[in-house]
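Residue numbers (the numbering used here): 16 to 264.
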């Protein structure tokens, strides 16, 4: 009942044990997709699949207790706040499915891949700033979030951090504030909503933003950008590739 957990399970070699996934699990392409909902889970519908284990992102509507009453074991894998959370969940899924060794190997591979990507970053006298667009209304993610930590690893400074004094991690910036912040780069995580660099360029007043004027607005895969599983390496590679295109002087 979690797209991220689905990706983790397949990555550690437990794909053949997955008998059903929620409606948003779409990777790998051959997952046994159903109309089961991870947001509004139905205990009876899940039980009808006869699972030994149900992996969930949250205890929505008390689903953990409902499944316990049906003698079905559950494992919660909430949205990661750090990369360590990702590694911990991979480990837990490995232990729960009999793939502890593969889980350990996957974690090491992710760490090694991320380290190599960061190591290859060009040297800069001044760090680049960025804005991460969660949706067109201006919601964003700060450095305190999981996604923000990846950009920090890539040497970028988040222009939204000052706009989040309460530390929610997801403040909303209006156009005026964004234009004033003038980020060097903009990353779009809302491409699933139809947003593109061209549409950003057409927004009133945004032509004055450095990221727009220099053509440094980048579209991300919305699925990869919203998950914290093994494809975090692909996300980091997209970030690093974009950073590498920006002038160092």
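A virtual CB, placed ideally from N, CA and C, is assigned to each residue, including glycine.
Would you check if the distance between the CB atom of residue i and the CB atom of residue j is smaller than 8 Å?
i, j, result
"residue 198", "residue 154", "no"
"residue 95", "residue 101", "yes"
"residue 39", "residue 30", "no"
"residue 78", "residue 56", "yes"
"residue 89", "residue 82", "yes"
"residue 91", "residue 62", "no"
"residue 112", "residue 51", "no"
"residue 170", "residue 136", "yes"
"residue 206", "residue 237", "yes"
"residue 36", "residue 47", "yes"
"residue 166", "residue 147", "yes"
"residue 108", "residue 20", "yes"
"residue 255", "residue 132", "yes"
"residue 34", "residue 76", "no"
"residue 232", "residue 196", "no"
"residue 87", "residue 69", "yes"
Rounded to whole angstroms, how far is the Cβ of residue i from the Cβ of residue j, which I believe are closer than 8 Å?
i, j, result
"residue 245", "residue 121", "6 Å"
"residue 203", "residue 223", "Rounded, the Cβ-Cβ distance is 18 Å, inconsistent with contact."
"residue 200", "residue 257", "6 Å"
"residue 139", "residue 225", "No, residue 139 and residue 225 are not in contact; Cβ-Cβ is about 15 Å, not under 8 Å."
Residue i bridges to which residues according to DSSP?
i, result
"residue 173", "145"
"residue 88", "68"
"residue 187", "154"
"residue 48", "36"
In whole angstroms, give me the CA-to-CA distance for residue i and residue j.
i, j, result
"residue 118", "residue 127", "14 Å"
"residue 151", "residue 115", "41 Å"
"residue 124", "residue 243", "15 Å"
"residue 158", "residue 188", "15 Å"
"residue 179", "residue 16", "31 Å"
"residue 80", "residue 247", "32 Å"
"residue 217", "residue 45", "38 Å"
"residue 239", "residue 249", "8 Å"
"residue 186", "residue 177", "10 Å"
"residue 172", "residue 183", "18 Å"
"residue 213", "residue 251", "23 Å"
"residue 261", "residue 228", "12 Å"
"residue 220", "residue 134", "36 Å"
"residue 130", "residue 211", "30 Å"
"residue 110", "residue 66", "17 Å"
"residue 49", "residue 141", "49 Å"
"residue 209", "residue 192", "23 Å"
"residue 10", "residue 58", "Beyond the ends of the chain as shown, which are 16 and 264, falls residue 10; an answer cannot be given."
Hey, quick one: how far does the beta strand (DSSP E) through residue i stretch, first residue to last?
i, result
"residue 202", "200-203"
"residue 232", "232-234"
Contact criterion: CB-CB distance below 8 Å. Does residue i meet it with respect to chain D?
i, result
"residue 31", "Annotation note: the requested chain D is absent from the structure, which comprises a single protein chain."
Looking at the secondary structure, which residues open and close the alpha helix (DSSP H) in which residue i lies?
i, result
"residue 121", "115-134"
"residue 102", "98-112"
"residue 252", "247-260"
"residue 25", "18-26"
"residue 265", "Outside the displayed range of the chain (16 to 264) lies residue 265, so it cannot be described from this structure."
"residue 225", "225-228"
"residue 162", "161-168"
"residue 179", "No alpha helix (DSSP H) contains residue 179, which DSSP labels as neither H nor E."
"residue 140", "It is not in any alpha helix (DSSP H) - residue 140 carries neither H nor E in the DSSP assignment."
"residue 74", "Neither: residue 74 is in no alpha helix (DSSP H) and is coded neither H nor E."
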